[in-house]
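Asks:
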């Protein structure tokens, strides 16, 4: 089953909230309620980043949701390809939300272009491990496979190492 939803949203806090609500609604409609919590947190962070750090007046950001065989892919595209997301190091004022994205997503990364855009993407596997048992779920599932990562940092953050609307069917 392949599902697709994309929408252009204004670069405002209200639109970032709407992105989260639209994500929850589509995951419910598509029959993936087990992904609501992580997907909503990921979309909230990525949309807030697009609104806060990549805002260009008059240029919308795009939310894309895609269900493919085995995963839900979340994409947030903005028009500030010159401002790549950075995971926070130390006591920085920004980048901490990407620690959350890294913790919740099975895979995530950044794709550049076409100019002046960039897309931050995250994937959630449809087969989720049982709480407290990372080996449950699909056979040989690796819940933190990073094979689809783009230009984000090579290693996990120290905090992690320590512990128009279009809907297509």
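In this note's numbering, the protein residues as written are 21 to 189.
Glycine included, every Cβ here is placed at the ideal spot set by N, Cα and C.
1) In the segment 115-145, which residue ranges form an unbroken alpha helix (DSSP H) of at least 4 residues, counting only runs that do not cross its ends?
2) Which of the three DSSP states, helix, strand or coil, is assigned to residue 63?
3) Would you tell me roughly how many angstroms separate the C-alpha atoms of residue 88 and residue 35, rounded to the nearest one?
4) Check whether the Cβ atoms of residue 126 and residue 144 sit closer than 8 Å, and answer yes or no.
5) List the DSSP bridge partners of residue 94.
6) When you compare the CB positions of residue 44 and residue 23, do they come within less than 8 Å of one another, or not?
7) Between residue 160 and residue 91, what straight-line distance do the alpha-carbon atoms span, to the nearest angstrom?
8) Quick check on this structure: which residue in 97, 136 and 146 has the alpha carbon closest to the alpha carbon of residue 129?
Replies: Reading off the structure:
1) 116-124
2) helix
3) 26 Å
4) yes
5) 85 and 142
6) no
7) Only weak support exists for where residue 160 lies, its pLDDT of 36 falling under 50; the value from the coordinates is given anyway. Their Cα atoms are separated by approximately 15 Å.
8) 97
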